[in-house]
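Participant:
There are 2 protein chains.
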Amino acid sequence: MKSTNKTTITVPGFKFSAISAGIKKSGLKDLALIFSEDKAIVKGVFTSNKIKAAPVKVDIERIRKRGKGQAIIINSGNANACTGLRGLKDAKDMAINTAKSLGILAELVYVSSTGLIGRPLPIQKIKKAIPDAVKKLSSRGIKNAASAIMTTDTFEKIYSKKIRFGNKQGTIAGIAKGAGMISPHMATMLCFIVTDISVTPGALDSALRQAVNKSFNRLVIDNDMSTNDTVLIMANGILKNSPIKKNSLPYYKFEAALSEVTYNLSKMIARDGEGATKLIEVIVKGARTESDAEKVARTIAHSMLVKTALYGQSPNWGRIMAAIGYSGVKINEQKINIHINKLELVNKGIGAYTNRLPGNLLSKKEIAIIIDLGLGKKEARVLTCDLTEKYIRINACYMT
Amino acid sequence: MKSTNKTTITVPGFKFSAISAGIKKSGLKDLALIFSEDKAIVKGVFTSNKIKAAPVKVDIERIRKRGKGQAIIINSGNANACTGLRGLKDAKDMAINTAKSLGILAELVYVSSTGLIGRPLPIQKIKKAIPDAVKKLSSRGIKNAASAIMTTDTFEKIYSKKIRFGNKQGTIAGIAKGAGMISPHMATMLCFIVTDISVTPGALDSALRQAVNKSFNRLVIDNDMSTNDTVLIMANGILKNSPIKKNSLPYYKFEAALSEVTYNLSKMIARDGEGATKLIEVIVKGARTESDAEKVARTIAHSMLVKTALYGQSPNWGRIMAAIGYSGVKINEQKINIHINKLELVNKGIGAYTNRLPGNLLSKKEIAIIIDLGLGKKEARVLTCDLTEKYIRINACYMT
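As given, the protein sequences belong to chains A and B, one line each in that order. The opening position of the first sequence corresponds to residue 17 in my numbering, with each subsequent residue numbered one higher. The opening position of the second sequence corresponds to residue 17 in my numbering, with each subsequent residue numbered one higher.
1. Using only the heavy atoms of the ligand FAD, determine whether one of them is closer than 6 Å to the beta carbon of alanine 273 of chain A.
2. Threshold first: 4 residues or longer. Then list the alpha helix (DSSP H) segments lying entirely within the stretch 37 to 110 of chain A, N to C.
3. Kindly indicate which residue of A:Ile347, A:Ile25 and A:Asp148 has the alpha-carbon position closest to the one of arginine 156 of chain A.
4. Evaluate leucine 101 of chain A with the Cβ neighbour count: other Cβ atoms within 10 Å of its Cβ, from every protein chain shown; 16 or more gives buried, anything less gives exposed.
5. Tyrosine 327 of chain B CB to nearest chain A CB: under 7 Å?
6. In this structure, does DSSP put arginine 397 of chain A in helix, strand or coil?
7. Skipping 5 residues on each side, what residues in its chain have a beta carbon closer than 6 Å to that of methionine 284 of chain A?
8. Checking 7 Å against the spacing of the C-beta atoms, do glycine 334 of chain B and glutamate 349 of chain B come in under that value?
9. Please tell me whether leucine 49 of chain A and serine 36 of chain A are closer than 7 Å, where the distance is taken between their beta carbons.
10. Please identify, using Cβ separations under 7 Å, the residues of the stretch 247 to 268 of chain B that lie next to chain A, in order along the chain.
11. Taking Cβ to Cβ, would you say threonine 187 of chain B is nearer than 7 Å to lysine 193 of chain B?
12. DSSP has alanine 384 of chain A in a bridge; who is on the other side?
13. Nearest CA to the CA of proline 56 of chain A: which residue from A:Arg80, A:Val215 and A:Asn96?
14. Is asparagine 21 of chain A buried or exposed, if buried means 16 or more other CB atoms sit within 10 Å of its CB?
15. Using a Cβ distance threshold of 8 Å, determine whether the stretch 158 to 174 of chain B contacts the stretch 51 to 71 of chain B, with at least three qualifying pairs required.
16. Cβ closer than 7 Å: which chain B residues qualify as neighbours of glycine 365 of chain A?
17. Over the uninterrupted alpha helix (DSSP H) stretch that includes phenylalanine 270 of chain A, give me the two end residues.
18. Does isoleucine 336 of chain A come out as helix, strand or coil in the three-state DSSP assignment?
19. Is the shortest distance between the beta-carbon of leucine 224 of chain A and the beta-carbons of chain B less than 7 Å?
20. State buried or exposed for alanine 203 of chain A, treating a residue as buried only when at least 16 other CB atoms are found within 10 Å of its CB.
21. Compute the Euclidean distance between the alpha carbons of leucine 153 of chain A and phenylalanine 30 of chain A, then round it to the nearest angstrom.
22. Below 7 Å between beta carbons: does that hold for leucine 361 of chain A and isoleucine 352 of chain A?
23. Whole angstroms is fine: what's the gap from threonine 170 of chain B's alpha carbon to isoleucine 191 of chain A's?
24. Just grab the DSSP bridge partners of lysine 31 of chain A for me.
25. Output, in chain order, the set of chain A residues within a Cβ distance shorter than 8 Å of serine 231 of chain B.
26. Give the residues from the stretch 164 to 184 of chain A that approach chain B closer than 8 Å (Cβ to any Cβ), ordered along the chain.
27. Measuring straight from C-alpha to C-alpha, what distance separates leucine 137 of chain B and isoleucine 39 of chain B?
28. How would you write the range of the alpha helix (DSSP H) that glutamine 226 of chain B sits in, first residue to last?
29. Excluding the five sequence neighbours on either side, which residues of its own chain have a C-beta within less than 8 Å of the C-beta of glycine 367 of chain A, listed in chain order?
30. Does any CB atom of chain D fall closer than 7 Å to the CB of isoleucine 112 of chain B?
31. Closer than 7 Å between beta carbons: that is the criterion. Which residues of the stretch 396 to 412 of chain B meet it against chain A?
32. Between alanine 338 of chain B and chain A, is any beta-carbon pair separated by less than 7 Å?
33. Considering Cα atoms alone, identify which of B:Ile139, B:Arg304 and B:Ser176 is closest to threonine 23 of chain B.
34. Once you ignore the five residues that flank alanine 317 of chain B on each side, which residues in its own chain have a CB closer than 6 Å to its CB?
35. Using a Cβ cut-off of 7 Å (strictly closer), state whether tyrosine 342 of chain B contacts chain A.
36. Tell me where the beta strand (DSSP E) around valine 210 of chain B begins and ends.
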């Protein structure tokens with residue numbers, strides 16, 4: 017499932033474009049532009065890494081100051097992180113040049129970068145390319161934009177959802193990139209969401225945080241956290257519905273739809289984890305608290321030994337037990353049950369099968385590991401993927 | 017450096033043996049025995065995983081109850097973990113049978129296991145093999161014992177150190193196994209240390225904890241923590257030196273020698289990490305506290321992206337910066353300097369080199385990453401290795 021719709025996704029009032037600015041040596045598209053015809057409310061969630069890339073710093077400032085915007089300019093191939101004062105100037109220049117070409121204020125342009133850390137941004141190439149990106153803007157360009165933000169991703173990640181408010185039908189559409197450096201809180205993952213639905217700034221911020229918490233923040237590819245993670249949402253209100261306020265009925269409807277978008281984009285990122293062959297969902301039930309459940313799920317999703325075992329289609333549940341044991345959560349070994357998909361592997365802390373496992377149990381592309389701690393009623397789920405030789409190969413030589 | 021001595025290492029009053037009991041399908045040696053002619057003081061440090069293997073539970077109990085011993089029986093090929101009540105009985109049976117063959121009390125026998133989790137121990141095979149292990153005991157057998165405790169290790173890990181007290185010369189010798197599941201506090205790593213030096217129980221315990229803290233507990237191979245980690249020390253006092261008391265001058269001499277043994281065994285474990293091609297020492301200086309320094313060093317040593325980059329001989333220092341940023345320690349990006357071996361890569365938070373790196377910088381077998389946080393005077397070091405396709409291959413099919 018590379019995208020939910022076979023037909024082109026459009027969102028009223030939004031245009032997209034993507035071109036090759038020559039940042040990636042491969043010549044692939046590396047500059048994407050998202051444009052809202054009307055001024056939109058903009059909210060964002062960013063990396064919690066203490067070392068933040070220059071564009072992240074710029075966006076945080078813009079949202080803090082006014083939280084309005086009309087455009088997002090995104091480059092792949094260079095992260096513009098650890099680039100000092102020059103990096104900040106480059107990020108601002110990207111915004112200024114985009115604004116000039118669009119005929120809007122620079123403060124209404126948000127900036128995002130992904131790629132190698134520590135190299136100066138080839139700002140001249142980007143400046144030169146921006147007018148072309150503006151010229152190519154199209155309401156049908158979302159797939160192009162999704163492809164231009166890719167680094168080691170192997171497919172574009174797009175998901176859209178329509179919701180009805182009375183007789184009006186609004187759209188939420190998002191694009192994302194992921195692949196590596198994903199953990200524990202949003203790592204080089206970028207996600208841009210646009211909607212024509214009218215939402216108050218407070219409601220938009222709250223819904224975004226909720227949605228991110230249960231999706232991107234529950235996603236583990238490796239154990240690294242990027243300097244560049246960004247989720248931005250633009251709501252231009254063109255639907256002209258009565259603006260959605262926090263904690264109203266339409267708010268919950270909006271939040272659920274937004275969560276569906278971010279959860280499905282997260283799943284696509286996990287499925288497309290660097291070198292991954294399997295999407296793995298770790299579901300921990302029977303915990304005393306949700307935080308306990310999350311901690312256990314996250315520890316398992318982080319375990320290199322569990323992830324290599326699943327790659328090898330080896331039902332090595334001992335590694336899952338070991339991970340539960342070092343998760344830091346109070347457990348009772350004798351109460352733990354473990355299922356993989358529908359098959360019980362562990363019952364009350366010890367092996368539950370004696371026969372050979374069904375051959376196809378671990379050959380599936382989607383694996384659910386279900387742990388019941390037997391201690392309470394809370395649960396949590398975390399998305400991850402298996403760990404393969406290809407992950408190593410990709411990351412051993414990722415310098416270009 | 018597989019061992020410090022070309023000549024056979026012996027320790028007065030200790031004998032060793034190793035045989036194949038048929039636990040490993042390969043037919044390699046899988047049962048080791050260490051025997052002290054005199055009753056020895058025994059101290060230990062064990063996994064902090066909440067799920068502990070049966071033999072670990074037995075040893076903890078023995079040390080708590082009397083802290084004396086004469087033998088350690090160790091099998092590889094099966095961890096005897098997550099094996100319920102049967103596992104506990106099997107571990108005790110291993111001790112009982114060893115004691116019978118040796119003609120000593122079962123309470124004086126310690127037990128240790130390493131290998132696959134969750135399968136019942138083939139106790140009949142072990143029982144049958146024990147008399148042969150006893151028969152083969154030899155004061156020159158330490159290398160054999162070191163090879164019988166190996167799982168995915170590629171070489172035996174032995175280190176010995178002589179120390180002089182007045183006109184008497186004592187010996188501390190240790191064997192260890194490591195390879196995978198090593199982190200953050202002692203993971204399937206086993207280490208057995210013997211000494212003829214007379215040490216009081218309190219001093220032995222304290223010196224062991226100190227030594228382990230700066231060596232095995234600073235060792236990171238992957239991010240998994242085993243259910244079986246064990247460091248045991250036996251001091252039989254045959255040297256007849258005046259028993260070493262805590263915080264005396266001889267104590268500090270003893271502690272330094274013991275630390276040298278454990279640190280060198282740790283280095284061997286890191287160099288022999290599953291699939292590793294390089295030994296990596298992460299040194300963090302200029303921290304406000306030692307705990308800050310350790311946290312940063314540990315985060316870098318855990319980073320899959322840093323470790324794959326070093327495997328690929330790629331000077332991707334951005335990943336080191338990112339790891340510093342998410343270590344959870346308060347840092348100042350503009351004060352960070354990074355060296356690899358003697359070459360400065362980062363100065364005040366940004367790239368310090370513009371030319372091509374010397375080609376041989378990262379081709380070395382030993383790499384030191386030196387980070388100066390520029391905030392204080394404290395430092396810490398952590399040992400690790402690079403992350404390679406071979407690690408994945410080893411762990412994708414480790415079921416035998």
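Cβ atoms here follow ideal geometry from the backbone N, Cα and C, with glycine treated the same way.
Facilitator: Looking at the atomic coordinates:
1. This structure simply doesn't include the ligand FAD, nor any ligand for that matter.
2. 70 to 81
3. Along the first sequence, one-based indexing puts residue 156 of chain A at 140. Comparing Cα positions, the closest option is A:Ile25.
4. In the first sequence, residue 101 of chain A corresponds to position 85, counting from 1. Flag for leucine 101 of chain A reads exposed.
5. For this step, residue 327 of chain B is matched to residue 311 along the second sequence. Chain A contact via Cβ: present.
6. Stepping through the first sequence from its first residue, residue 397 of chain A is reached at position 381. Here arginine 397 of chain A sits in strand by DSSP.
7. Residue numbering aside, residue 284 of chain A sits at position 268 when the first sequence is read from its first letter. If we look at methionine 284 of chain A and ignore the five residues flanking it on each side, its Cβ neighbours are Lys173.
8. In the second sequence, counting from the first residue as 1, residue 334 of chain B sits at position 318. In the second sequence, counting from the first residue as 1, residue 349 of chain B sits at position 333. No, these two residues do not count as a Cβ contact at 7 Å.
9. Indexing the first sequence from 1 puts residue 49 of chain A at position 33. Indexing the first sequence from 1 puts residue 36 of chain A at position 20. No; because the gap between Cβ atoms is not below 7 Å, this pair is not in contact.
10. none
11. Numbered from 1 along the second sequence, position 171 holds the residue referred to as residue 187 of chain B. Numbered from 1 along the second sequence, position 177 holds the residue referred to as residue 193 of chain B. No, Cβ-Cβ distance for threonine 187 of chain B and lysine 193 of chain B is not below 7 Å.
12. On the first sequence, residue 384 of chain A is found 368 positions in, with the first residue counted as 1. Answer is A:Glu297, bridged to alanine 384 of chain A.
13. As a working mapping, residue 56 of chain A is identified with position 40 in the first sequence. Correcting the residue type first, residue 56 of chain A is alanine in the shown sequence and not proline. Comparing Cα positions, the closest option is A:Val215.
14. As a first step, residue 21 of chain A is located in the first sequence; it is residue number 5 there, counting from the start. Low confidence applies here, because asparagine 21 of chain A scores a pLDDT of 47, under 50, leaving its location unreliable; read the following figure in that light. It counts as exposed.
15. no
16. If you number the first sequence from 1, residue 365 of chain A lands on position 349. Cys98 and Gly100, listed in chain order.
17. As a position in the first sequence, residue 270 of chain A is number 254, starting the count at 1. Taken as a continuous stretch (DSSP letters only), the alpha helix (DSSP H) holding phenylalanine 270 of chain A covers 265 to 287.
18. Along the first sequence, read from residue 1 onward, the residue named residue 336 of chain A stands at position 320. Isoleucine 336 of chain A falls in the helix class under three-state DSSP.
19. By one-based count along the first sequence, residue 224 of chain A stands at place 208. No - not a single Cβ of chain B is within 7 Å of the one on leucine 224 of chain A.
20. In the first sequence, the residue the question calls residue 203 of chain A occupies position 187. Only weak support is given to the placement of alanine 203 of chain A: the predicted model assigns it a pLDDT of 42, under 50, and the question is left unresolved by the model.
21. Translated into positions along the first sequence, residue 153 of chain A becomes position 137. Translated into positions along the first sequence, residue 30 of chain A becomes position 14. Approximately 9 Å between the Cα atoms of the pair.
22. Position 345 of the first sequence, counted from the start, is the residue given in the question as residue 361 of chain A. Position 336 of the first sequence, counted from the start, is the residue given in the question as residue 352 of chain A. The answer is no: Cβ separation not under 7 Å.
23. For the purposes of this step, residue 170 of chain B is identified with residue 154 of the second sequence, where counting begins at 1. For the purposes of this step, residue 191 of chain A is identified with residue 175 of the first sequence, where counting begins at 1. The straight-line gap from Cα to Cα measures roughly 46 Å.
24. Walking along the first sequence from the start, residue 31 of chain A turns up at place 15. According to DSSP, which records beta bridges pairwise, lysine 31 of chain A is partnered with A:Phe51.
25. As a first step, residue 231 of chain B is located in the second sequence; it is residue number 215 there, counting from the start. Near serine 231 of chain B there are no residues of chain A at all, since even the closest Cβ is about 20 Å away, more than 8 Å.
26. none
27. Against the second sequence, residue 137 of chain B aligns to sequence position 121. Against the second sequence, residue 39 of chain B aligns to sequence position 23. Answer to the nearest angstrom: the Cα atoms are 8 Å apart.
28. For the purposes of this step, residue 226 of chain B is taken as residue 210 along the second sequence, with counting starting at 1. Here the alpha helix (DSSP H) through glutamine 226 of chain B covers 217 to 229.
29. Translated into positions along the first sequence, residue 367 of chain A becomes position 351. Answer for glycine 367 of chain A: Trp333 and Leu361, listed in chain order.
30. Among the chains of the structure shown, chain D does not appear; the protein chains present are A and B.
31. Leu403, Thr404, Glu405, Ile408, Arg409, Asn411 and Ala412
32. Reading the second sequence from its first residue, position 322 is the one you call residue 338 of chain B. True, the Cβ-Cβ gap to chain A drops below 7 Å.
33. Taking the second sequence and counting its residues from 1, one reaches residue 23 of chain B at position 7. Residue B:Ser176 is the option with its Cα nearest to threonine 23 of chain B.
34. Indexing the second sequence from 1 puts residue 317 of chain B at position 301. Excluding positions up to five away in sequence, the list reads Val236, Val298, Val398 and Thr400.
35. Reading the second sequence from its first residue, position 326 is the one you call residue 342 of chain B. So, interface residue.
36. Counting from 1 along the second sequence, the entry for residue 210 of chain B is found at position 194. Run containing valine 210 of chain B: 206 to 211, per the beta strand (DSSP E) assignment.
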